[in-house]
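For reference, the structure discussed in these notes is given below.
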Amino acid sequence: MLVWAIQRIQLQNKALLQSERDVAQIRNDMLEREAGFQQQLAKDIKEAQKRSNNMQRNVLKGQIGEQFTPFITDFPYNPSDCRFMGEPIDYVIFQNLHECADGNVPIEDVHLIIAEVKTGNARLNQRQKIIKQAIQNGQVSFKELRVKYCEDTEEMRVNVSA
């Protein structure tokens, strides 16, 4: 009976040692996986930062390009006829306005152009699409806003005329 108890204890000790080895192996595997995960995470973060920096550079290049477009050699309009707005569209171009004011071209040669500058694969945003459609629909008008000061109420008022 004593031999049997000793054998049983030895088997249990063997099983316990095997369990400890298994736990150690699992810990080791987990540490290796964690190290691999940390390396991949660091790599992914660097790539994301690089993409973010490239996107920021592209946005800045686009913004600079927008403002300098009238000064590009083959720009088809007189830069002095262009007014930069930036948002929601880039330019209002008063084509031939200066020439007409100087008496060099007739009023029929004056055109108002709403222009949006895009680079690369950039597309019109929703507000720009709406503006484009409103213009195409003829939903354009000219309003004269006349500001008057009311001495009685000491307020500024705006009158709109066609």
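So that you can map any letter, position 40 of the sequence shown is 40 in full-length UniProt numbering, and since no number is skipped, the others follow by simple counting. Beta carbons: idealized from backbone N, C-alpha and C, even for Gly. Source: prediction; values computed, not measured.
Check, Outcome
"DSSP on Asn96, reduced to helix/strand/coil?", "coil"
"Give every residue of the same chain whose Cβ lies closer than 7 Å to the Cβ of Gln95, excluding the five residues on either side of it in the sequence, and list them in chain order.", "Tyr77, Asp81, Val110, His111 and Ile113"
"In whole angstroms, what separates the C-alpha of Glu32 from that of Ile45?", "20 Å"
"What are the start and end residues of the alpha helix (DSSP H) that includes Leu145?", "It is not in any alpha helix (DSSP H) - Leu145 instead sits in the beta strand (DSSP E) that spans Glu144 to Cys150."
"If we count the other Cβ atoms within 10 Å of its Cβ and call it buried at 16 or more, is Tyr149 buried or exposed?", "exposed"
"Taking the alpha carbon of Asp117 as the point to measure from, which residue in Gly62, Asp74 and Pro79 has its own alpha carbon closest?", "The question names Asp, yet the displayed sequence has Val at residue 117. Residue Gly62 is the option with its Cα nearest to Val117."
"I need the boundaries of the alpha helix (DSSP H) containing Leu16, first residue and last residue.", "Leu2 to Phe68"
"Is it buried or exposed, Asp74, if we count other Cβ atoms within 10 angstroms and call 16 or more buried?", "exposed"
"For the putative contact between Ile131 and Ile72, defined by C-beta atoms under 8 Å, what is the C-beta separation to the nearest angstrom?", "About 23 Å separates the two Cβ atoms, so there is no contact after all."
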